[in-house]
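A quick write-up on the structure given underneath.
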Ligand SMILES: *Cc1c(COP(=O)(O)O)cnc(C)c1O
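In the numbering used here, the protein residues as written are 2 to 368.
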């Protein structure tokens with residue numbers, strides 16, 4: 002009988018599956034989820050609507066109602082077309098497959114969202130990266146040096162960037178988009194936590210698309226991403242979309258939730274305030290250096306060599322954060338902490354203070 006390793010691509014055999022740590026029973030501050038549950042008004046309408054969903058029928062393949070609500074809440078002008086994905090991950094995959102001519106490459110900064118590289122490589126499209134500067138901002142010179150050499154067809158730029166949390170400088174972004182001879186996707190997964198957005202740039206740049214997701218807004222379980230821009234691009238990409246990629250329950254729940262966008266906004270405003278409070282408090286803890294953030298998480302640099310042990314000390318205390326040490330040289334000694342509820346953040350800070358004073362007491366004793 003045929004064995005998997007006779008048929009499966011060699012590069013797939015060598016791959017590691019994307020790992021999601023077990024978080025049962027933990028305070029989950031590792032995945033940029035909204036820690037608050039859905040507002041009651043949405044839950045009630047959703048119950049009523051879910052009961053009426055005709056699950057024996059295929060979903061609306063064009064997600065018409067959902068797109069209409071998206072247009073209204075996201076202020077998407079009629080001249081642009083929208084493409085929906087099963088999370089923005091699926092949209093990243095769609096755009097990459099669409100440009101996957103022989104020799105085509107994908108480029109993104111490093112460090113940035115890991116799925117750009119993972120999905121490119123899964124699609125067998127070579128991925129190249131260029132370094133960000135020491136503030137994790139776009140360095141046009143570094144970008145064009147790699148871009149001129151590699152001639153990539155597609156550029157992903159996340160702003161705010163993950164895992165650093167900062168917005169990219171608008172002048173530098175503009176320069177990159179204006180002079181890049183390929184397609185640019187600005188990934189605004191964290192748009193709800195930032196004061197600057199790039200959708201108004203669509204009228205300026207014919208090679209630009211904007212991508213957002215409901216995941217970081219409190220609806221990670223729905224899996225809904227959306228990409229919009231000039232119909233000349235979107236209509237081509239839409240040909241590769243699987244016919245019913247957005248299921249009926251997601252369409253209905255997303256539509257209802259977006260009709261209550263103001264209530265989701267109340268939650269994101271709370272998260273933004275908590276983020277700023279968390280950054281101030283972390284600054285005061287010895288050995289921790291938080292970076293500024295325009296997202297719902299904070300990148301924290303810790304004392305040299307302490308990131309992994311701090312990550313596991315937190316895990317022992319029931320708090321799951323993301324350890325970035327070892328993922329990229331620019332985030333050595335770094336943890337990424339998602340903003341939780343007020344109580345979760347208070348608890349995190351208590352635990353961090355306790356660990357920090359223990360570590361520094363030990364260091365003093367060793368002196
Ligand atoms: C979390 C994240 C996404 C993932 O979005 P999904 O819609 O959940 O697939 C996309 N881009 C960036 C930069 C992210 O951090």
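Ideal Cβ positions, reconstructed from N, Cα and C, are used throughout, including at glycine. Computed from a predicted model, the values in this text were never measured in an experiment.
In the DSSP assignment, residue 27 falls outside any alpha helix (DSSP H), carrying neither H nor E. Annotation for residue 89: 212, 214 and 226 place their beta carbon closer than 6 Å to its own, counting only its chain and skipping 5 residues before and after. Proximity to residue 35 across 190, 73 and 132 peaks at 190, based on C-alpha coordinates. Exclusion of residue 16 from the 7 Å shell around ligand 1 follows from its C-beta lying no nearer than that to any non-hydrogen atom of the ligand. Taking all protein chains in view, the Cβ of residue 188 is crowded by 16 or more other Cβ atoms within 10 Å, so the residue is classified as buried.
Taken in chain order, the whole alpha helix (DSSP H) runs of length 4 or more contained in the region 334-368 are 343-367. Taking the Cα of residue 151 as reference, the smallest distance to any Cα among 126, 170 and 135 is reached at 126. By the Cβ-count criterion, residue 297 is buried, with 16 or more other Cβ atoms from all chains shown falling within 10 Å of its own Cβ. Relative to residue 132, the option among 236, 120 and 113 whose CA is nearest is 113. If you measure from each CB to the nearest heavy atom of ligand 1, the residues under 5 Å come out as 88, 89, 90, 114, 159, 163, 188, 190, 214, 216 and 226.
For residue 310, the uninterrupted alpha helix (DSSP H) run begins and ends at 308-317, by DSSP. Shown here, residue 212 sits in a strand according to DSSP, grouped into three states.
Three or more Cβ pairs closer than 8 Å define a contact, and the region 51-61 meets that threshold against the region 243-253.
Counting along the chain, residue 159 sits inside no alpha helix (DSSP H); it lies in the beta strand (DSSP E) bounded by residues 155-159. Taking a 10 Å sphere around the C-beta of residue 181, we find 16 or more other C-beta atoms and assign the residue as buried. Restricting attention to alpha helix (DSSP H) runs no shorter than 4 residues, the region 100-185 encloses them at 116-123, 141-151 and 171-180, ordered along the chain. Residue 242 carries a coil assignment under DSSP once its states are collapsed to helix, strand and coil. Boundaries of the alpha helix (DSSP H) harbouring residue 65: 65-75, taken from the DSSP string. Contact between residue 220 and residue 255 holds: their C-beta atoms lie close to 7 Å from each other, under 8 Å.
In the DSSP annotation of this structure, the continuous segment of the beta strand (DSSP E) that includes residue 83 starts and ends at 82-86.
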